[in-house]
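Heads up: the structure comes next, in structure tokens.
2 protein chains.
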Amino acid sequence: MTETNRLLFELEGAQGQRFSPYVWRTKMVLAHLGIDYQSQGVGFTDIGQAAGGGFKTVPILFEGQVCVSDSWAIAETIIDQTDGALFGGPAGRSFARYLHDWSSLGMLGSILRLNAVTIWQDQAPKDQDYFRRSREKRFAKPLEELCPDPQGELKALSRALRPLDSALGGQPFFGGQTPIYADYILFGNAQFARCSGPHAILSQNPGLEAWFERCLNLHGGLGRSEPSYIERHAR
Amino acid sequence: MTETNRLLFELEGAQGQRFSPYVWRTKMVLAHLGIDYQSQGVGFTDIGQAAGGGFKTVPILFEGQVCVSDSWAIAETIIDQTDGALFGGPAGRSFARYLHDWSSLGMLGSILRLNAVTIWQDQAPKDQDYFRRSREKRFAKPLEELCPDPQGELKALSRALRPLDSALGGQPFFGGQTPIYADYILFGNAQFARCSGPHAILSQNPGLEAWFERCLNLHGGLGRSEPSYIERHAR
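As structure tokens, this is what we get:
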């Protein structure tokens, strides 16, 4: 199998925006480990047909006969194929798994509420219909009413992020001098916020804000190469 | 300096109960590293006079001319005097620092609200007065009204703990096969709950419940040697 057989399906908006937090985690792992891949953008409504069909979420990593979905499963598969160092040992793996679940139960919902309308605006029409229908069903209210108090939502999110700011403790990354997968999980979340709406979710946590800038610079500026929501709308 | 010069000041209740989450973290570190010490129990109102005076919180570790207060500072001092392995590398240190701050901002407040009245009942009269006055000032309400809905508080706490249950991911400890300081931080919190009130705070997270039993057995059953609130009241 040559490297060009490796195909990553990633979510994209109407103008090719890449904003999925889960996909960004995978992309950072692939870049960190120097693994080449072809990227294939899919809209929300294309996911079900991607990679032969049967998957409900992205990222999907397709390698010849092996297809892995779910960012955690992909991370385990790829990282454990190497020396496993990207997890940062058993402690770093625990921390990463904690952040994975903590993100799904809290931080990502918060960003989704803040940016529901701008995410919707950024989709192609067929994906807009799906996104609105599915999210309004999940939250039982119109997208426009998901976040009646953005400042309160930002304040609560900043408070939840404060221990992560402390956790850096002057280190460049959660992994110390170099990032570990725990860094990439939180990076994916922050990149999702950066690319899907105008809110500066890290502004109350200066340690995290500086950390995010470092992450955006990693791997030749991979993260920074994706325009932020603000950059796209300033054009 | 001989080992008997090392003195640990720990909070104790009227019947010598040791329930401070921060002290338990330190005791587990000392036991893990095989460091001997003399223990000196102090009530809430004795802390200010302990170890020559000037400290506001326990634990206080007094070693000849060196006196360290604050569980995090003590952990850093002791662990970094060894090979540092108890932190579990930079990733484990980040995870520990995260849990330290996350505990102070959330979990410990939740346990305090749940057990405020039973903690108060367990103190000597002079310490009862101090505990009631200081906590009622902090929360701006009577101790008896701190937790109007214990089931709701337990449910919220269980939800906040869920990602930590996932984080174990089948490992015996957050550190993998052996505990790291992150384990001892969470252990201290859970031991505080176990020793200060009747609530089974881990019952909705079976992975954490099993982990806590393992922690209670560590170091010759050090944690288990302290009677739980339920055991004391069943006598």
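Going down the list, the sequences are from chains A and B. Just so you know, this note's numbering puts 214 at position 199 of the first sequence, and the rest follows in order with no gaps. Just so you know, this note's numbering puts 181 at position 166 of the second sequence, and the rest follows in order with no gaps. Where a beta carbon is used, it is the ideal one built from N, C-alpha and C, also for glycine. Predicted model, so just to flag it, every value in this text is computed and none were measured.
Residues of the same chain with a CB within less than 6 Å of the CB of Phe146(B), apart from the 5 flanking positions on each side, are Phe59, Trp135 and Gln138 in chain order. At a cut-off of 8 Å, the C-beta of Arg112(B) has a neighbouring C-beta in chain A. Counting only the Cα atoms, Phe102(A) lies some 37 Å from Gly212(B). With its beta carbon at least 8 Å from every one in chain B, Ser218(A) lies outside the interface.
Sorting Asn232(A), His214(A) and Asp116(A) by C-alpha distance to the C-alpha of Asp164(A) places His214(A) at the top.
In the three-state scheme derived from DSSP, where H, G and I count as helix and E and B as strand, Cys82(B) is classed as strand. A straight-line Cα-Cα distance of about 52 Å links Leu26(A) and Gly49(B). Judged by DSSP secondary structure, Arg21(B) falls within the beta strand (DSSP E) whose first and last residues are Arg21 to Leu26.
Between Arg40(A) and Ile216(A), the C-beta gap is not smaller than 8 Å, which leaves the two residues out of contact. Annotation for Trp87(B): His115 place their beta carbon closer than 6 Å to its own, counting only its chain and skipping 5 residues before and after. Per the DSSP secondary-structure output, Phe188(A) pairs in a beta bridge with Gly191(A).
Here Ile62(B) is not bridged, per DSSP, to any residue.
Put simply, the CB of Ala171(A) is far from chain B, with every gap to its CB atoms at 8 Å or more. Interface flag for Asp95(A) against chain B is unset, since no Cβ pair is found closer than 8 Å. For Gly124(A), the uninterrupted alpha helix (DSSP H) run begins and ends at Leu123 to Gln136, by DSSP. For Ile134(B), there are no neighbours in chain A by C-beta distance under 7 Å, as the nearest C-beta there is about 24 Å away.
Around the beta carbon of Arg153(A), fewer than 16 other beta carbons lie within 10 angstroms, which makes this residue exposed. In the structure shown, the three-state DSSP call for Phe146(A) is helix.
Taking 8 Å as the cut-off, the beta carbon of Met43(B) is found no closer than this to the beta carbon of Phe188(B).
Leu76(B) is the residue among Leu76(B), Ile94(B) and Arg229(B) whose C-alpha sits nearest the C-alpha of Val38(B). For Val57(A), the uninterrupted beta strand (DSSP E) run begins and ends at Gln53 to Val57, by DSSP. Chain-ordered, the chain B residues with CB closer than 8 Å to the CB of Asp116(A) read Arg177, Pro178, Ser181 and Ala182. Taking a contact to require three or more Cβ pairs closer than 8 Å, the segment 91-98 of chain A and the segment 167-179 of chain A do not qualify as touching.
One alpha carbon belongs to Gly79(A), the other to Gln55(A), and they sit about 15 Å apart. In the DSSP assignment, the residues bridged to Phe77(B) are Leu22(B) and Cys82(B). Under the DSSP assignment, Gln206(A) falls in the alpha helix (DSSP H) whose first and last residues are Tyr196 to Ser211.
Within 7 Å of the CB of Ile195(A), the CB atoms of chain B belong to Ala106, in sequence order along the chain. Cys162(B) and Leu237(B) have their C-alpha atoms spaced approximately 31 Å apart. Across the structure, Phe34(B) and Pro178(A) are spaced so that their CA atoms are roughly 24 Å apart. Identification of chain A residues near Phe189(B) by a Cβ-Cβ cut-off of 7 Å yields Ala106 and Ser109, ordered along the chain.
Leu129(B) and Ile126(A) have their C-alpha atoms spaced approximately 31 Å apart. By the Cβ neighbour-count rule, Ser84(A) is buried, with 16 or more other Cβ atoms within 10 Å of its own.
Remark: C-beta atoms of Gly99(B) and Ile195(B) do not approach each other more closely than 8 Å.
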